[in-house]
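K.L.:
Quick note on this note's numbering: the sequence shown kicks off at 41 and runs consecutively.
C-beta: ideal position from N, C-alpha, C; glycine also.
Please see the structure below; I have some questions.
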Amino acid sequence: MKILKFFDDLLLLAGCICILYGLSLWSVIVTWIVGGLMLIGWSLLIGKVMAKYAD
41 MKILKFFDDL LLLAGCICIL YGLSLWSVIV TWIVGGLMLI GWSLLIGKVM
91 AKYAD
């Protein structure tokens, strides 16, 4: 049942992959830009979680 702990993260990752795949069929440049923005967003989310557990 450990997978249920990370299920929301897996759904978020799958959604990002679907968005990037759809964009790649349209424009490679837009895909790279959106992919970079998604990585920045993920880093901010992970940073907030790590800061919460650092206390």
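Here's a check: name, in chain order, each residue in its chain whose Cβ is nearer than 8 angstroms to the Cβ of Thr71, leaving out the five neighbours to either side.
P.N.:
Correct list, in chain order: Leu60, Leu63, Ser64.
K.L.:
Please list the segments of the alpha helix (DSSP H) lying wholly inside the region 46-91, counting only runs of 4 or more residues, in order along the chain.
P.N.:
Taking only runs of at least 4 residues, the alpha helix (DSSP H) segments lying wholly in the region 46-91 are 47-66.
K.L.:
Hey, Ile43 and Leu52: beta-carbon distance below 9 angstroms or not?
P.N.:
Going by C-beta atoms, Ile43 is not nearer than 9 angstroms to Leu52.
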